[in-house]
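Numbering (my numbering), first residue to last: 26 to 258. C-beta atoms are modelled at their ideal positions from N, C-alpha and C, and glycine is treated no differently.
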């Protein structure tokens with residue numbers, strides 16, 4: 026006698042999502058209770074709960090205690106942005122990657138950084154300037170500040186052959202991240218590193234990561250002209 030196949034939360038999630046997109050459950054509609062859905066799908070209530078939590082995280086439904094789960098009036102799809110390793114990005118383009126540590130120094134965090142990250146005055150940070158190349162052409166200029174109090178091992182880490190982003194991803198977890206995209210014009214400093222004329226429009230990403238509320242790093246990454254960023258949802 027075969028054991029009946031268990032319904033996974035993935036199956037419940039996908040079917041609920043299908044019904045929402047097909048307008049079987051239109052915007053604003055109240056979904057059946059978790060108990061009713063568990064009975065329909067032949068699974069545990071905990072399985073339904075996990076499926077609905079994922080759909081809430083994805084912006085399809087909203088859940089309120091004692092009020093049930095409703096289809097969002099304006100469902101939102103969330104794009105996922107990976108914190109990519111530059112080396113992998115370059116190599117995925119079938120190019121040869123090269124990294125150079127340009128400058129390294131330890132100092133008290135500048136006033137603008139203490140204000141932006143909520144650091145205490147006198148907090149020591151590691152300041153880095155790095156270049157990343159694809160087939161020996163400038164790919165990305167990186168300027169980064171790392172909070173030594175949160176990442177003490179970084180102060181004496183060897184960053185001459187491995188970039189700080191790759192080092193941090195391998196050594197230190199993070200719990201929160203904020204990313205900003207901007208179009209900027211190169212100044213004399215950026216134009217020198219990226220081998221462009223002053224005033225060339227380029228894409229700049231600013232990223233901050235935290236570990237349980239403590240700032241880990243703030244970085245500005247400026248890409249070569251023509252760089253394209255793509256994500257999916």
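For residue 218, the enclosing alpha helix (DSSP H) has its first and last residue at 213-219.
In this structure, the alpha-carbon of residue 110 lies about 10 Å from that of residue 192.
When 122, 121 and 246 are compared, the shortest CA-CA separation from residue 165 is found for 246. By the criterion of a C-beta distance shorter than 6 Å, residue 202 is surrounded in its chain by 234, once the five residues flanking it on both sides are discounted. For residue 140, the enclosing alpha helix (DSSP H) begins and ends at 136-142.
The three-state reading of DSSP puts residue 75 in helix, counting H, G and I together. Annotated three-state conformation of residue 81 is helix, per DSSP. If you compare the alpha carbons of 178, 204, 242 and 72 with that of residue 228, the shortest gap goes to 204. The closest CA to that of residue 250, considering only 243, 231, 240 and 208, is found on 208.
In the three-state DSSP reduction, residue 172 falls in the strand class (E or B). Here residue 158 is actually not in contact with residue 112; their C-beta atoms are around 11 Å apart, not less than 8 Å. In this structure, residue 148 sits near residue 134, with a CB-CB distance shorter than 7 Å. Residue 113 carries a helical assignment under DSSP once its states are collapsed to helix, strand and coil.
A Cβ-Cβ distance of about 14 Å is found for the pair residue 88 and residue 53, leaving them out of contact under the 8 Å criterion. In chain order, 38, 41, 42 and 86 place their CB closer than 7 Å to the CB of residue 80, counting only its own chain and leaving out the 5 sequence neighbours on each side. Secondary structure at residue 48: coil, using DSSP grouped into helix, strand and coil. Scanning 55, 50, 60 and 66 for the CA closest to the CA of residue 33 turns up 66. About 7 Å separates the beta carbon of residue 125 from that of residue 155, a gap short enough to meet the 8 Å contact definition. Beta-bridge annotation (DSSP): residue 210 is paired with 226. Counting other Cβ atoms within 10 Å of its Cβ, residue 169 reaches 16 or more and is therefore classed as buried.
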